[in-house]
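Trainee: Residue numbers (this note's numbering), protein chains in the order written: chain X, 476 to 723; chain U, 898 to 1147.
Backbone N, C-alpha and C define an ideal beta-carbon position, used for all residues, glycine too.
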Amino acid sequence: MLTIEGLVLGYGGEPVLDGVDLSVGAGRIVALVGPSGSGKSSILRAVMQLQEPLAGRITLDVDRAEIGMLFQDDALLPWRTVRDNVALGLRARGWDQTRRFEEAEAWLRRVGLAGLGERYPGRLSGGQRKRVALAQVLVLKPRLLLMDEPFSALDAIVRHRISQDLLGLVEREGIAVLLVTHDLEEALALSDETYLLSAGPRARISQRYDVPLTRPRDLGAVRADPRFGPLAARLWRDLSAAVGPAVQ
Amino acid sequence: MSPRARDWSIQAEMLVLLLAAWEVLARYGVIDPFYLPPPSRVGGTLAQLFISGEIWTHIVATFGAALLGLLIGSLIGMALAMLAAASRATFLLLEPFMTAMNAVPRIVLAPLLIIWFGIGIASKVALAVLLVAVLMFFAVFTAIAQVDRRLIDRVRTLGCGRRLVLTEVYIPSIAMVLLSSLKVAVGFAFTGAIVGEFVASSRGLGYLLNFAQASFNASLTLALVLLIMAFVLLLLGVAGLIERRLLRWR
Chain X
476 MLTIEGLVLG YGGEPVLDGV DLSVGAGRIV ALVGPSGSGK SSILRAVMQL
526 QEPLAGRITL DVDRAEIGML FQDDALLPWR TVRDNVALGL RARGWDQTRR
576 FEEAEAWLRR VGLAGLGERY PGRLSGGQRK RVALAQVLVL KPRLLLMDEP
626 FSALDAIVRH RISQDLLGLV EREGIAVLLV THDLEEALAL SDETYLLSAG
676 PRARISQRYD VPLTRPRDLG AVRADPRFGP LAARLWRDLS AAVGPAVQ
Chain U
898 MSPRARDWSI QAEMLVLLLA AWEVLARYGV IDPFYLPPPS RVGGTLAQLF
948 ISGEIWTHIV ATFGAALLGL LIGSLIGMAL AMLAAASRAT FLLLEPFMTA
998 MNAVPRIVLA PLLIIWFGIG IASKVALAVL LVAVLMFFAV FTAIAQVDRR
1048 LIDRVRTLGC GRRLVLTEVY IPSIAMVLLS SLKVAVGFAF TGAIVGEFVA
1098 SSRGLGYLLN FAQASFNASL TLALVLLIMA FVLLLLGVAG LIERRLLRWR
């Protein structure tokens, strides 16, 4: 679904990422973790053509319109109602107003926001805004979802609930996901495979981990799986080793 | 009584007290009425202007020049800001000129505009345009430069093209700044029109002010000042109403 080969990204001609290779298969969830500043988010921006690569190739088996992206911040249009925000992508695809509003309301119900369509984003809680952002992307029925630390600003309980809901939706719809996160346990709990980036500048993929946990997953129970702890410990050790030299 | 109503009530009581004190002091000669006529006389002069109907020609002239200046100045300021934001070459061309215009009190150009456009309405409109256009140029240019990049990225990743990015992100972002600048621009437009009339004119509130000054008529001067304040406050109220209606999402 998504193949990245020899990707080089940087600013002002100076590479931050130098030769990244990874792939995301259909219906798979792939997590990307690494030290701060290693360029994790830039990979997603490059896939969405928001950032120009210095070198390398990004191959997609899906149409660009079938890719959704969830950002770290909500970035909802504050002057549009929740329903208008959710329906915006459908409007870009030429849907008439009645159909797009019906679809938007249906997705608002699915993410637990029934009856809030007429509100403005400024009158929602952080968790509710995140759910709107989720509905805004999922209403477009993406086959590939890029997520850039989407829940990092939420408190633990809200984060757990939304992650579980998202996981359920993604598993049911068979959506492929590339998730960038700094939370190692979240990466392992959600993903089928996790990539570790080395410290920048000139960061590269330093490790790849298969996550041998079955689906559908319960995020509460998955952490109690006997295979989870050793894998998390290994990932933590490798990340510490990657960060160590950069800190020194 | 709500806290807001209580505040208004206190303000109204203070105003009545001030006017009463002023009236008494002027009547008993503590204040020379030649310099500061009592409120009753100022009110009488104001009423006389309306009863005779003489004032309407001047109000229409000043309002016409100010509103036309506000409209044309806003359009020119916005258009130039958009051109400067779209093209680096245009920005480099306009920026020093606009900065220089912003740095000086632009009303000093009133005599020159009267030489160019005559003593009719054109020179007053031109001065109002000059005052408003520079204000709007900087407001809109800054608004464009400060449009939230995250919103642009967001709507682009939802598949929105240039038209939707423009209508859903740029225009509402700029409209917010425009609406808050509109209140300042109303004051600028009236300043332009009245100063233009004050310098050289055959009608308008500025012309009347000039006449009142030349004839040492403090009562007429104060009546006109009150009238101008009332009209500007009325326009600011309308601008505030539009702002509240359009920015109800806040």
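Is the segment 675-695 of chain X in contact with the segment 640-657 of chain X, if contact means three or more CB pairs nearer than 8 Å?
Mentor: yes
Trainee: Does any residue of chain U bring its CB to less than 9 Å from the CB of ASP658/X?
Mentor: In terms of beta-carbon proximity, ASP658/X stays away from the interface with chain U, with every pair separated by 9 Å or more.
Trainee: Could you please tell me which residues of the segment 654-686 of chain X, in chain order, have their CB closer than 7 Å to any CB of chain U?
Mentor: From the segment 654-686 of chain X, no residue has a Cβ closer than 7 Å to chain U.
Trainee: Is there a Cβ of chain U sitting closer than 9 Å to that of ILE650/X, yes or no?
Mentor: no
Trainee: Is it true that the CB of LEU1102/U sits closer than 9 Å to the CB of ILE1125/U?
Mentor: Yes. Within cutoff.
Trainee: What is the rounded straight-line gap between the Cα of THR954/U and the Cα of ARG1100/U?
Mentor: 7 Å
Trainee: Straight-line CA distance for LYS1021/U to LYS1080/U?
Mentor: 19 Å
Trainee: According to DSSP, is LEU629/X part of a helix, a strand, or is it coil?
Mentor: coil
Trainee: Sort ASN999/U, GLY1089/U, ALA1111/U and LEU1048/U by Cα distance to ALA550/X and report the nearest one.
Mentor: From the listed residues ASN999/U, GLY1089/U, ALA1111/U and LEU1048/U, the smallest Cα separation to ALA550/X is found for LEU1048/U.
Trainee: Would you call the segment 657-676 of chain X and the segment 602-611 of chain X in contact, with 3 or more CB pairs under 8 Å?
Mentor: The segment 657-676 of chain X makes no contact with the segment 602-611 of chain X: fewer than 3 CB pairs, one atom from each, lie closer than 8 Å.
Trainee: Whose Cβ in chain U lies nearer than 8 Å to the Cβ of ASP548/X?
Mentor: Near ASP548/X (Cβ distances below 8 Å), the residues of chain U are ARG1047.
Trainee: Return the chain-ordered list of same chain residues with a C-beta closer than 7 Å to the C-beta of VAL722/X, the five sequence neighbours on each side being excluded.
Mentor: Reliability fails at VAL722/X, whose pLDDT of 49 lies under 50, so the model's placement of it is uncertain and the value that follows must be treated cautiously. The answer is none, since no qualifying residue turns up.
Trainee: Can you check whether the C-beta of ALA567/X is within less than 9 Å of a C-beta belonging to chain U?
Mentor: yes
Trainee: Roughly how far, in whole angstroms, is the beta-carbon of VAL612/X from the beta-carbon of LEU588/X, given that I think they are within contact range, below 8 Å?
Mentor: Not really, about 14 Å apart at Cβ, beyond 8 Å.
Trainee: Quick one: using the 10 Å Cβ neighbour count with 16 as the cut-off for buried, is ILE1139/U buried or exposed?
Mentor: With fewer than 16 other Cβ atoms within 10 Å, it is exposed.
Trainee: Indicate whether at least one CB of chain X lies closer than 9 Å to the CB of LEU1055/U.
Mentor: yes
Trainee: From ARG901/U to ILE907/U, what distance separates their C-alpha atoms?
Mentor: For ARG901/U and ILE907/U, the distance between alpha carbons rounds to 10 Å.
Trainee: Cβ closer than 7 Å: which chain U residues qualify as neighbours of PRO553/X?
Mentor: TRP1146
Trainee: Run through DSSP, which three-state label would PRO1008/U get?
Mentor: Correct three-state label for PRO1008/U: helix.
Trainee: Determine contact between the segment 514-532 of chain X and the segment 479-493 of chain X, defined as no fewer than three beta-carbon pairs at a distance below 8 Å.
Mentor: yes
Trainee: Give me the Cβ distance between PHE1034/U and MET995/U, rounded to the nearest whole Å; I'm assuming they're in contact under 8 Å.
Mentor: Correct: roughly 5 Å between the Cβ atoms.
Trainee: Looking at LEU1032/U and PHE960/U, is the spacing between their C-beta atoms short of 9 Å?
Mentor: no
Trainee: Specify whether the segment 490-510 of chain X and the segment 671-682 of chain X touch according to this definition: at least 3 beta carbon pairs, one from each stretch, less than 8 Å apart.
Mentor: yes
Trainee: Report the neighbours of PRO1069/U on chain X: residues whose CB is nearer than 8 Å to its CB, in chain order.
Mentor: LEU552 and TRP554
Trainee: If you follow the beta strand (DSSP E) that MET544/X is part of, which residue opens it and which one closes it?
Mentor: 542-545
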